[in-house]
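One gets the numbering used here by counting positions in the sequence shown from 1 and adding 807 to each. For every residue, glycine included, the Cβ atom is placed at its ideal position computed from N, Cα and C. Predicted model, so just to flag it, every value in this text is computed and none were measured. One structure below.
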Amino acid sequence: MLNNIRYLLREGVRSIWSNRTMSLASVGVLVSCLLLTGAATLFSMNISAAMASVEGSNSVKIYMDKDLPVLASLKAGEEIKKLDNIKSCQFVSKDDAIQKVMGMLGDKDSSLIKDMTGKDNPLPDAFQVSFKDLSKYKDTVEQIKKIDGVSSINDYSDIAAKLTSLDRLVTTVGFWIILLLSLVSLFIISNTIRVTMFSRRLEISIMKSVGATNWFVRVPFIVEGVIIGLISGGIGSLILRLLYDKLTGTLTSITIFSPLSVGPIQWKITLLFLLAGSLFGAVGGAISIGKYLKKEGGEIVEW
């Protein structure tokens, strides 16, 4: 039994090396398919996290008209506080806002906007408002918009809706791209193994002539497909981690949103990639050899 297993594994590895050009093509396409699948999944996970963060926030920023006097802004703030669903209403003057922006830019870059203070300040006065009951979120926002002097509100419900639409678009497009690449992967893996079968058709004919079972003939080719899949899964998970870390590092430095860390789930991603890759390889191997095992020994040689 052990000798049979060694033989089958050895034959699978030998087949890959003998047809390494086609094997590399199979690995390349399968890696691309796995990368797109992983990227779409991580993107969807980040969108879900962003939506949860947005929807879980009970705070909005209310911007007043740009040229509205401070006293008028404060008066509008008093009207906001009188609304039933208002928990807190904190005034943020445009002078405080510009100072905060300068602090975020640092000493070097803040010099670019040092003249945008006082009368030349382009920022409006604002209020940071939190709600008592999130179920009344939209109604409260509509009430605030009706108050004189209110210019705009960073309404998170609009952001959530846009994130939802983006998530659906990526999911739909990703599904069709992944489906297409999956079919291409199976096609290339199948043809890679068919090349191996053609070069070993005499050996297969002899094996069947002396009574080798279909499974004994089939397994080395399935092993070949599985090894191709495992290699693809390992490479794909490594590339995905490197690209994701690079991209999220850049996004973190230019946006306020913190992408999810894949560190705690990296082993799950790697395991899923290996399982998916080996499944693709096994299916490709089974497809390529299935119909030829129905032939008799002489028919295989003439194939």
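Within 10 angstroms of the beta-carbon of VAL957 lie 16 or more other beta-carbons, which makes it buried. In the assembly as shown, PRO929 is an exposed residue. Its beta-carbon has fewer than 16 other beta-carbons within 10 Å. The criterion of a C-beta distance shorter than 8 Å is not satisfied by ILE960 and ALA883. Assignment of beta-bridge partners to SER959 by DSSP yields TYR870. Taking the CA atoms as reference points, GLN935 sits about 31 Å from ARG975.
Looking at the DSSP output, PHE898 sits in a beta bridge with PHE934. The Cβ atoms of THR1020 and ASN826 lie no closer than 8 Å to each other. Non-local beta-carbon contacts of MET852 in its own chain, meaning distances under 7 Å to residues more than five positions away in sequence, involve LEU1067 in chain order. By DSSP's assignment, ILE1013 forms no beta bridge with any residue.
Shown here, ILE954 sits in coil according to DSSP, grouped into three states, outside any helix or strand.
Contact check for PHE1087 against ILE984 fails: the beta carbons are separated by 8 Å or more. If you draw a straight line from the Cα of LEU993 to the Cα of VAL1069, it comes to about 29 Å. Between the beta-carbon of ILE1038 and that of VAL899 there is about 56 Å, and that puts the pair past the 8 Å contact cut. 8 Å or more divides the Cβ of ALA1083 from the Cβ of VAL1033. Shortest Cα-Cα distance from LEU843 to any of ILE1072, GLY1043, LEU1081 and LEU1049 involves GLY1043. Taking ASP902 as reference, the option from ALA933, LYS889, SER1012 and ALA847 with the minimal CA-CA separation is ALA933. If you draw a 10 Å sphere on the C-beta of ILE1013, you find fewer than 16 other C-beta atoms in it, and that means exposed. Boundaries of the alpha helix (DSSP H) around LEU881: 877-888. With 16 or more other Cβ atoms from the protein chains shown falling within 10 Å of its own Cβ, LEU841 counts as buried.
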